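Visitor:
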Amino acid sequence: CALPIYPFGKNLYVGLSTEYGKVADTREQLMKSETRNSIGLFVGFDTLFGPLYVGYGRARQRSPIFYLFLGQP
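Count along the sequence shown starting at 1, add 17, and that's the number in my numbering.
1) Per DSSP, what kind of secondary structure is Leu87 in: helix, strand or coil?
2) Whose C-beta lies closer than 7 Å to the C-beta of Val31 among residues of the same chain, with five residues either side of it excluded?
3) Starting from Leu69, follow its DSSP beta bridges and name the residues at the other end.
4) Residues in its own chain within less than 6 Å of Met48 by CB, not counting five upstream and five downstream?
5) Tell me whether the beta-carbon of Ile82 lies closer than 8 Å to the beta-carbon of Gly74.
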C-alpha cells in the first residue's frame, strides 16, 4: 500500500486578517487615544508533523512581523 505524496500536504490554506481597535487604561485615555489597525497574510498546509503556517503582519508605524507555526497550538 503506497501513501500519496503531496508537495504541500493534502490541504492548502490561504488567509487574510485585519484588526482595528483602541487600548487604554481609563475611559478618558480611550477617548484621546488613536485607533490602530493592522493587516496579516498567511499560507498554511498539512504536513506529517501537523499543520504548518507561515505568515506576515504589519501595523501602521510598526515593524513588520513574520511568524511560523508547526503543529497543534
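Quick reminder that beta carbons are idealized off the backbone N, C-alpha and C, glycines included.
Bear in mind the structure is a predicted one, so any value in this text is a computation, not a measurement.
Guide: Working from what's here:
1) Reading the sequence shown from its first residue, position 70 is the one you call residue 87. Note: Leu87 maps to strand in three-state DSSP.
2) Here residue 31 refers to the residue found at position 14 of the sequence shown. Annotation for Val31: Val60 place their beta carbon closer than 7 Å to its own, counting only its chain and skipping 5 residues before and after.
3) Position 52 of the sequence shown, counted from the first residue, corresponds to residue 69. Note: Leu69 sits in a beta bridge opposite Phe62, Leu87.
4) Locating residue 48 in the sequence shown gives position 31, counting from the first residue. Closer than 6 Å at the Cβ level, and outside the excluded window around Met48, lies no residue.
5) Residue 82 sits at position 65 when you count from the first residue of the sequence shown. Residue 74 sits at position 57 when you count from the first residue of the sequence shown. In this structure, Gly74 lies closer than 8 Å to Ile82 by Cβ.
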